[in-house]
Structure formats: structure tokens, C-alpha cells
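First comes the structure, then the notes that go with it.
So, in C-alpha cells, the structure goes:
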């Protein structure tokens with residue numbers, strides 16, 4: 289890390305803020321090495337059924353205070369299995385935010401149901417609960433809610449609405465394992481909760497996922513669907529073993545990430561040109577602690593002399609900082625024949641154009657690095673005209 293930022297941004301030939309680039313993930317961990325060695329010595333790594341899967345299921349059940357944990361091959365597969373476990377299919381509608389992971393949209397279509405897209409909250413850019421009632425019809429058979437980029441949806445409010453209408457909730461906690469929402473662990477609020485153990489996630493086994501539910505009936509439907517002589521969507525025994533030591537450090541790492549985010553936001557201030565997420569709709573009488581897989585900001589081009597979002601991300605990447613565009617909004621990339629939408633989805637469209645995300649590994653490094661990131665943003669803003677001129681000359 290270059291503690292003394294050069295005058296020019298790296299994209300203009302200056303010294304990068306982090307010459308070594310962003311930190312790799314996952315970090316080296318002696319406890320994981322120990323699992324690997326033990327699995328090799330015992331042969332457990334090659335077994336269909338070994339000790340690790342059961343241990344992981346129990347740890348996840350204890351954390352989320354649930355009875356049923358089904359391990360599977362990915363978070364995406366977990367969403368599909370949850371939909372099938374709820375009996376959702378042709379003729380049904382499932383509500384979700386218009387700014388969300390595309391796999392959630394595709395899973396709804398895969399089971400034959402229709403996605404219903406609603407706009408996102410203007411303060412935290414996740415599902416806007418003020419628009420939920422107008423999205424509900426007699427065909428609504430599920431609400432799929434994600435917690436993205438440091439935003440949290442008020443699950444007290446959502447489940448109150450859903451319970452009154454007897455609509456099941458699928459809570460996608462893939463980005464926020466261990467996060468606390470109004471006094472309860474993310475993933476524990478809905479009829480089903482979803483976790484992902486994909487390669488870059490906070491809990492990683494390269495691939496993998498889990499479905500959480502308190503309902504034996506939902507769990508049984510999922511097992512009947514996925515068992516075809518053998519498991520059709522398995523998490524391997526070795527993957528389960530690698531997740532066990534990560535479960536032990538999840539809470540402390542989440543606390544460190546929160547501390548670093550607080551420092552970074554303080555360094556950025558209110559006039560950085562990046563709008564931070566605000567979870568103002570959460571109940572103030574309870575405790576909430578977000579998760580940070582991708583820390584999101586709404587980028588304001590006007591604060592950077594009109595520099596496009598993509599060029600800003602390129603400039604940050606040149607500094608060795610892992611900043612990327614966010615998701616594409618679902619209504620912007622799918623045919624109108626495949627979904628129903630509520631209202632104009634203006635804020636989701638803004639997210640489609642200007643959401644940026646900071647990848648999480650740097651949040652487990654030093655406080656000084658948060659200051660360096662903020663300084664890199666400042667110098668990009670100060671040289672935005674020069675960056676625009678350089679890129680215009682290169683066309």
C-alpha cells in the first residue's frame with residue numbers, strides 16, 4: 289500500500305494507491321489447512337456422507353435458530369429449491385425488487401411463475417416496502433427479498449404484511465451471513481432463508497449454498513425434489529469441512545468489516561460524490577448490523593465532471609481498489625413479456641446506471657487503508673477533467 293498518494297491518479301500515470309492490487313480472497317487460514325490435512329488423512333474428503341456436513345448443518349441451525357437446514361450446490365440452486373419447496377409454479381407471481389441478483393429472477397421463471405418487479409427504497413436501494421401492497425394480487429404466492437450492498441430490508445414490517453396476506457417469504461441472505469436485522473439473524477425471518485458459499489462470498493467453499501426453514505413440510509418437498517437416487521444438488525463433504533472454521537470467525541470478521549465501513553464513510557463525508565446506503569426504515573427499538581459482501585454507493589457523475597460510472601471504476605481499479613459496477617436492473621435486461629412491473633421503477637433504473645460496489649476483502653485490512661481509499665476517490669475527482677480528456681483522445 290502506498291501511504292503517500294502521488295499527485296496524479298494511477299489511470300493518468302501516477303503511483304497506484306495499492307501497487308500490489310486488492311487483497312486476494314479467501315485469506316490464508318491455518319484452521320482450513322488443518323481441515324484439509326485431516327480430510328486427506330481420514331479419507332473423509334471422498335465420502336458421500338461424512339462428519340462435516342452434519343456438523344455444518346447443526347452450526348447453521350443453531351445460528352439461525354431453525355430446525356431444517358438443507359445443504360446444496362449454490363445459492364442460486366437454493367433459491368430454486370426454496371420456490372419448489374413452497375409449491376410455487378405456473379400461474380403464480382413472486383414479488384422481488386427490480387434491482388436484484390439476476391439469478392433470483394431466472395429462478396422464478398424456471399419454476400414457471402411470473403416475477404413482479406417493484407422499485408427500491410431511495411435510502412438503501414433494497415426492496416421498497418411502501419410499494420409492496422400495490423404489487424400484491426390474488427396470484428401472489430411469494431415475496432423474494434434480498435439484502436444487498438450493506439442495505440437491510442425491515443423484516444419486521446415485511447413479515448407483518450406477508451403474514452396478514454398469508455404470503456410466504458423467501459429471504460435471500462447470500463450477501464449477509466451473520467448480519468443482524470431488527471434483533472434476528474438474517475435468513476431466519478422468512479418461511480425459507482437462503483445462504484451462498486460461492487467463491488467470493490463471506491463464507492466460501494468455492495461453490496455451495498443452503499436452504500433454512502422451520503417447516504418440515506417445505507423441507508420434505510425440497511428433499512423429494514432433489515433426491516433422485518442420490519442428491520441432485522449436493523454440497524461435497526470437503527466443502528462442508530472448509531466452511532466449519534469460517535463459521536467460528538464470521539462474527540468477529542463482520543464486526544471488523546462494520547468498523548472499517550464506519551471509518552471509510554467518515555473519511556468520505558457527505559460531499560464525496562458517492563451516496564452511501566442508509567437503513568433508516570429499520571426499527572430503532574432493535575439492533576441491526578449489516579453485512580458487507582459488496583459495499584454499495586450510488587455514484588454521482590456530476591461530482592466527477594461527468595465522468596461515467598464505468599470510467600470511475602476503471603480509475604479505481606487502476607489504484608488497486610476493487611470497485612465495480614453493480615447489478616443490472618432486472619427490467620433493463622429482460623423482455624417485458626417475462627415480468628410484471630409496479631410503477632416506473634425509477635430508482636432501480638438509477639441503480640442500473642450508477643450503482644458501484646467495493647469488494648469486501650479490503651475491509652479486513654488496516655484502518656489506514658480506509659483513509660487511502662478515500663484519498664484515491666478525492667484525487668480521481670480532482671483530476672476527472674484530465675481523465676475525460678485522456679479517454680477522449682484515445683477514442
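Residue numbers (our numbering): 289 to 683.
For every residue, glycine included, the Cβ atom is placed at its ideal position computed from N, Cα and C.
Check your understanding: In or out: residue 386 buried (at least 16 other Cβ within 10 Å) or exposed?
Key -> Mapped onto the chain shown, residue 386 falls at position 98. Label assigned to residue 386: buried.
**Study point:** Entirely enclosed beta strand (DSSP E) segments - the segment 642-682, minimum 3 residues
**Key:** 643-647
Point to revise | Closest residue to residue 518 among 296, 360, 298, 343 (Cα-Cα distance) | key: Looking up residue 518 in the chain shown gives position 230. The shortest C-alpha separation from residue 518 is found at 360.
Review point. Residues in its own chain within less than 6 angstroms of residue 501 by CB, not counting five upstream and five downstream?
Key: Position 213 of the chain shown, counted from the start, is the residue given in the question as residue 501. Same-chain partners within the cutoff: 356, 480, 507.
Check your understanding: When you compare each of 526, 462, 629 to residue 753 by their alpha carbons, which one comes out closest?
Key -> The structure shown does not extend to residue 753, since the chain is modelled only from 289 to 683, so the question has no answer here.
Review point. Cα separation between residue 289 and residue 470?
Key: What you label residue 289 is simply residue 1 of the chain shown in a count that begins at 1. What you label residue 470 is simply residue 182 of the chain shown in a count that begins at 1. Residue placement at residue 289 cannot be trusted, given a pLDDT of 49 that sits under 50; the coordinates are not used to answer.
Review point. Taking buried to mean at least 16 other C-beta atoms within 10 Å of its own C-beta, is residue 350 buried or exposed?
Key: Here residue 350 is taken as the residue at index 62 of the chain shown, counted from 1. With fewer than 16 other Cβ atoms within 10 Å, it is exposed.
Check your understanding: How would you write the range of the beta strand (DSSP E) that residue 590 sits in, first residue to last?
Key -> In the chain shown, residue 590 corresponds to position 302, counting from 1. First-last for residue 590: undefined, no H or E at that position.
**Study point:** Unbroken beta strand (DSSP E) run spanning residue 613, endpoints
**Key:** Here residue 613 is taken as the residue at index 325 of the chain shown, counted from 1. Element bounds for residue 613: 611-613.
Practice item. Under 7 angstroms Cβ to Cβ from residue 595, same chain only, skipping five residues before and after it: list those, please. Key: Here residue 595 corresponds to residue number 307 of the chain shown, with the count starting at 1. So the list reads 589, 672, 675, 676, once near-sequence residues are dropped.
Practice item. Classify residue 515 as helix, strand or coil using the three-state DSSP reduction. Key: Within the chain shown, numbered from 1, the residue matching residue 515 stands at position 227. Residue 515 falls in the strand class under three-state DSSP.
Exercise for review: Could you check what DSSP says for residue 424 in three-state terms: helix, strand or coil?
Suggested key: Locating residue 424 in the chain shown gives position 136, counting from the first residue. Three-state result, residue 424: coil.
Practice item. Compare the beta carbon distance of residue 317 and residue 630 with 9 angstroms and say whether it is the shorter of the two. Key: The sequence position of residue 317 within the chain shown is 29, counting from 1. The sequence position of residue 630 within the chain shown is 342, counting from 1. No.
Exercise for review: Entirely within the segment 483-559 and at least 4 residues each: give me those alpha helix (DSSP H) ranges in chain order.
Suggested key: Whole alpha helix (DSSP H) segments, 4+ residues: 504-514, 525-556.
Exercise for review: Give every residue of the same chain whose Cβ lies closer than 8 angstroms to the Cβ of residue 291, excluding the five residues on either side of it in the sequence, and list them in chain order.
Suggested key: Reading the chain shown from its first residue, position 3 is the one you call residue 291. Bear in mind that a pLDDT of 47 at residue 291, under 50, signals an unreliable position, so the number given afterwards is only what the model happens to contain. Result list for residue 291: 656, 660, in chain order.
Check your understanding: Cβ atoms of residue 389 and residue 643: under 9 angstroms apart, would you say?
Key -> For the purposes of this step, residue 643 is taken as the residue at position 355 of the chain shown. For the purposes of this step, residue 389 is taken as the residue at position 101 of the chain shown. Result no, Cβ atoms of residue 643 and residue 389 do not sit closer than 9 angstroms.
**Study point:** CB of residue 663 within 9 angstroms of CB of residue 485, strictly
**Key:** By one-based count along the chain shown, residue 663 stands at place 375. By one-based count along the chain shown, residue 485 stands at place 197. Contact: no.
Point to revise | Beta-ladder partner(s) of residue 564, from DSSP | key: Counting from one through the chain shown, the residue named residue 564 turns up at place 276. DSSP lists 585 as partners of residue 564.
Check your understanding: Curious, which full-length beta strand (DSSP E) runs of at least 3 residues does the segment 354-435 contain?
Key -> 356-360, 381-385, 402-406, 428-434
Review point. Which residue's Cα is closest to the Cα of residue 567: 416, 391, 370, 402?
Key: Translated into the one-based positions of the chain shown, residue 567 becomes position 279. The shortest C-alpha separation from residue 567 is found at 416.
Practice item. Check the C-beta distance from residue 628 over to residue 404 and give it rounded, since I have them as a contact under 8 angstroms. Key: Here residue 628 is taken as the residue at index 340 of the chain shown, counted from 1. Here residue 404 is taken as the residue at index 116 of the chain shown, counted from 1. With 8 angstroms as the limit, residue 628 and residue 404 qualify as a contact, their Cβ atoms being about 5 angstroms apart.
Point to revise | Contacting residues, own chain, Cβ-Cβ under 7 angstroms from residue 345 (five flanking each side not counted) | key: By 1-based counting over the chain shown, the position of residue 345 is 57. Within the same chain, residue 345 has close Cβ partners 357, 359.
**Study point:** Own chain partners of residue 314 with C-beta closer than 6 angstroms, once the 5 adjacent residues on each side are dropped
**Key:** In the chain shown, counting from the first residue as 1, residue 314 sits at position 26. Closer than 6 angstroms at Cβ, skipping near neighbours: 492.
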